[in-house]
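For the sequence shown, this note's numbering gives the first residue as 52, with consecutive numbering after it.
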Amino acid sequence: MERIPLKIQQMQKINLFLLRTYLFLFLMGSFLNSYGQLRIEANLNNRVDGSLQNNEFGFLPTTHPLEEQDSLFFKRGFLSGKMMQKKVALKNKAVIELFKSDKKLVSKYRIGRILRPLGTATTLGGIALGYLAIRGKPASALVEGENFNYTVRSMPILLAGIGAIAGGICLIEFSNELVSSTADNYNAKFGNKKITLHDIKIGISPAGNIGLFAKF
């Protein structure tokens with residue numbers, strides 16, 4: 052059986068550690084992004100008017116209550132995100148125009164926008180450092196008259212890359228939370244506006260019951 056030098060065995064263990072660490076970071080980033088998106092969608096669903104969904108007359112709404120309003124929805128991405136309104140992506144200037152009546156919303160939105168590219172750059176920088184650490188430098192050693200080729204990898208560079216990736220992901224998620232909260236605050240403020248009754252009718256619902264149909 053071929054004897055592998057201790058130094059080369061250590062390099063192999065480092066390689067395995069690198070692969071496991073980067074896989075963990077990738078899965079963590081994917082989980083945080085998916086969880087954040089599901090939480091945003093859950094918040095929007097909770098805003099659906101229960102009287103339309105569970106009314107005793109059985110009337111079925113033809114449109115989603117939030118679609119009837121100019122509500123905002125923040126669509127998250129792994130390294131980016133965009134503010135949506137009626138399935139249309141809004142530009143930064145348009146979002147600030149919507150928030151102009153509330154300086155706190157504008158400030159929070161701008162901070163979130165600033166942190167996002169910083170988080171993206173930090174994450175990409177960490178990936179670059181990790182790549183350099185994984186690639187390493189080729190080397191060779193003469194052991195008992197036999198030449199062994201191996202790769203020297205820097206643990207400090209590796210740890211710096213891992214730290215940068217983790218920090219970048221945290222910045223991105225914090226940025227997403229800030230921007231998403233501005234959309235929630237805007238929707239809550241918009242939803243509290245006074246509702247005006249435009250039309251009311253008496254008829255038979257799809258469930259076969261007699262009731263009132265109100266149009267706001």
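Every residue, glycine too, gets a C-beta built ideally from N, C-alpha and C.
- At the C-beta level, residue 175 and residue 208 stay beyond 7 Å of one another.
- Shown here, residue 128 sits in coil according to DSSP, grouped into three states, outside any helix or strand.
- Residue state for residue 197 is assigned as strand, using DSSP reduced to three classes.
- For residue 228 and residue 211, the gap between their C-alpha atoms comes out near 26 Å.
- Between the alpha carbons of residue 238 and residue 170 lies a gap of roughly 27 Å.
- For residue 158, the secondary structure class from DSSP, reduced to helix, strand or coil, is helix.
- Rounded to whole angstroms, the separation of the alpha carbons of residue 204 and residue 216 is 18 Å.
- Put simply, of 214, 233, 230 and 193 the residue whose alpha carbon is nearest the alpha carbon of residue 75 is 214.
- Note that the C-beta distance between residue 190 and residue 199 is not below 7 Å.
- Between residue 141 and residue 150, the gap from beta carbon to beta carbon reaches 7 Å or more.
- Under the criterion of beta carbons closer than 8 Å, residue 218 and residue 173 qualify as touching, at roughly 6 Å.
- Residue environment analysis places residue 165 among the exposed positions, since fewer than 16 neighbouring C-beta atoms fall within 10 angstroms of its C-beta.
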